[in-house]
Amino acid sequence: MAAAASLAFALNLATGLHAFIDVPSIAFIANAILASFVAVGFKRQGILVVADIALQVSIVGMLIGYVGILQNMSDPEALPFAFAIMLLVVFYGLLVAAICSLLSSNITEPISAPSVWQRVVGVLLWVVVVTYAMDGAAGVEAFFDPASLLIVAALSLIIFGTSASEGLRTLARHLPVAGFLGVLVGVIGMLQNMSDPKAMGPSMAVAILTLMYCNLGSVALKLAFPEMTPEKSDAHFTYLGFVLLFVMGITSVSILSFM
0 MAAAASLAFA LNLATGLHAF IDVPSIAFIA NAILASFVAV GFKRQGILVV ADIALQVSIV
60 GMLIGYVGIL QNMSDPEALP FAFAIMLLVV FYGLLVAAIC SLLSSNITEP ISAPSVWQRV
120 VGVLLWVVVV TYAMDGAAGV EAFFDPASLL IVAALSLIIF GTSASEGLRT LARHLPVAGF
180 LGVLVGVIGM LQNMSDPKAM GPSMAVAILT LMYCNLGSVA LKLAFPEMTP EKSDAHFTYL
240 GFVLLFVMGI TSVSILSFM
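Start counting the sequence shown at 0; every next residue gets the next number (numbering that gives the first Met the number 0).
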């Protein structure tokens, strides 16, 4: 409690506590927490699942918000506030991941295989909140990109094919990292079309949506098969850093293309 009070006081001194409160972002993270506990039958091992997926959930939420910003850039004065709201879901995810990572050190019991209904409900909760967030941000159709889907399908087949014995576990673990291949494809296309901002759109879609699809699919697999959750991993924090650098990078490229 003392730590929470200290953090709240620090945030209030920084820019005001109200600037760090966004109900939709909180609901997005809370839904993922609920899905994690449903997937394990509301046992304390749900903390392990939350620790494993929280940052990926926040990345999906951030990318959904980013697409929403790109679809509604008619009001430049509103962009700083929109970007701040977009980053709040990452802030919440980081807090949840850090807390659950610390708590997970006290959990030694492995996650037992859940029932089918627990797997299904856990995944459905995730799919519903993502669909709702997409619809609210820019409409679900704005998040459909055939090129990105084909890249993700190809990456999934490669990962699954090279580790048939542990295919799903390996796919859930490596798909988010493999998504950076799509990021590179998109960024290369953006750089080649910097002289024409409109031509950058399809390439930017590939860069953003490939990464989003990969993390969305990885989280769904981890909720469907929570028994695959590793005991502990700090790699997600490094991964989040790379994703934030990517978002800042493509934002900079987009701004430069208009100069």
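In this text, a Cβ means the ideal position worked out from N, Cα and C, and glycines have one as well.
Of all C-beta pairs linking the stretch 195–207 to the stretch 168–177, fewer than three are shorter than 8 Å, placing the two stretches out of contact. Residue 212 places its beta carbon less than 8 Å from that of residue 151. Of all C-beta pairs linking the stretch 56–69 to the stretch 212–225, three or more are shorter than 8 Å, placing the two stretches in contact. Sequence-distant partners of residue 49 (beyond 5 residues in either direction) whose C-beta falls short of 7 Å from its own C-beta, in its chain, are 32, 35, 95, 99. In this structure, residue 66 sits near residue 136, with a CB-CB distance shorter than 8 Å.
Just measuring C-alpha positions, the residue of 179, 126, 202, 225 sitting nearest residue 144 is 202.
Three or more Cβ pairs closer than 8 Å define a contact, and the stretch 14–30 falls short of that threshold against the stretch 104–121. An exposed status is given to residue 241, since fewer than 16 other beta-carbon atoms sit within 10 Å of its beta-carbon.
DSSP, read as helix, strand or coil, puts residue 153 in helix.
Contact between residue 28 and residue 92 holds: CB atoms are separated by about 6 Å, below the 8 Å threshold.
Excluding its 5 nearest sequence neighbours in each direction, residue 44 has C-beta neighbours in its own chain below 7 Å: 106, 108, 110, listed in chain order. Around residue 121, the same chain offers 34, 37, 38, 222 as residues with beta carbons nearer than 6 Å, after the five sequence neighbours per side are excluded.
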